[in-house]
DNA sequence: TCAATATATAACCATAAGGTTATATGAGGA
DNA sequence: TCCTCATATAACCTTATGGTTATATATTGA
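Pasting the structure below:
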C-alpha cells in the first residue's frame, strides 16, 4: 500500500505534487523550481513513483510526470481514516461526511 | 511547528495516539501493548512529546501520558490544508466544509 | 557526425529513525 | 533498609533520507 506519510513527509515532495496538480511537467521543469540538484529532485520523484502517487512517461529525451489522482484520493482517505481512528468520537461528523462522498 | 508527518509517520505512534484517545495511560501500560522494548516505546513517546501531540506527567514512580487534543486538531487541519493545496479544485468542497467548523 | 541538452547512476556524506541490550536511577512497599 | 518495579540513559546496529559531485547514457538538432 501507498505510504502516504512517507510521500508527504517532505516539503519538496508536497510542492512537486502541487505543481503536478496544475498540469504535467517534465523533470527539467520540476528541477528548475527548486534550489537543489537534479539528482536530488530525481530521488524525490522516485519516492513519489514508488508510492504510486505519480506516473512517469518517456517523451523523447524528456520524462513527463503526472499525478495519479485516484491514488492521491485514496491516500487522502487513508489520512482521514487514520485520524478518525485516533480521535474517535471527535471526528464522527467528518467521517460521516466522507463516507457520503 | 508540529511536524505532523513525522509524528504520524510510524504505525506504533499512531496506535499510541489511539490508545491515549481512549484515556490517559502510564508508560508501562503503553509498553505492554507492543512487542518492542521499553526504550523503543520511550523513543516513540519522546517524538510525540517533541511534536507536542502528547503530554507527560509525573505520578509517583509512573509517567502518565495524555493527548493534547488542541494540537492534534490543528495538526489535522494542517493535513487538510496541505492536501487541499496539492489537489486544489478537487477538494474545494471539503475545504469549505472544514473552514466552517 | 557532433555537440548540447535531458536524464540516470554511482559514490559519497551527514543525520534521523527504529530497534536492540545493558545498566543506572528513582520511588514505594514490606 | 532493601528489594522490586518504573523509568531513563548510554552505546550500539541497520536502514532510510536528503543532499552532494562526478560521470555515464540517450536523444535531438545543426
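Chains as they are written, first to last, in the UniProt record's numbering: chain A, 1 to 101; chain B, 1 to 101.
All C-beta atoms in this analysis are idealised placements derived from N, C-alpha and C, irrespective of residue type, glycine included.
Asked	Found
Under three-state DSSP, which class holds residue 68(B)?	coil
Go through the UniProt domain "HTH arsR-type" (1-87) of chain A residue by residue and report every complete run of the beta strand (DSSP E) that reaches 3 residues or more, in order.	54-59 and 62-67
Go ahead and label residue 88(A) buried or exposed: buried means 16 or more other beta carbons lie within 10 angstroms of its beta carbon, across all protein chains shown.	exposed
Going along the chain, which residues of the stretch 57-91 of chain B sit with their C-beta nearer than 9 Å to a C-beta in chain A?	67, 69, 72, 73, 75, 76, 79, 80, 82, 83, 85, 86, 87, 88, 89, 90 and 91
According to the Cβ coordinates, are residue 20(B) and residue 74(B) closer than 9 Å?	no
Is residue 47(A) closer than 9 Å to residue 11(A) when the C-beta atoms are compared?	no
Going along the chain, which residues of its own chain have a beta-carbon closer than 7 Å to the beta-carbon of residue 14(B), five neighbours each way excluded?	8
Cα-Cα, which of 68(A), 38(A) and 61(A) is closest to residue 22(A)?	68(A)
Flag residue 9(A) as yes if its beta-carbon sits less than 9 Å from any beta-carbon of chain B, otherwise no.	yes
Give the residues of chain A in contact with residue 17(B), contact being defined as C-beta atoms less than 7 Å apart.	86
Step through the CB atoms of chain B and report whether any lies within less than 9 Å of the CB of residue 115(A).	In this structure chain A extends from 1 to 101, so residue 115(A) is not present and cannot be described.
How many angstroms separate the CA atom of residue 83(A) from the CA atom of residue 57(B)?	24 Å
Should residue 36(A) go down as buried or exposed, given a rule of 16 or more other Cβ atoms within 10 Å for buried?	exposed
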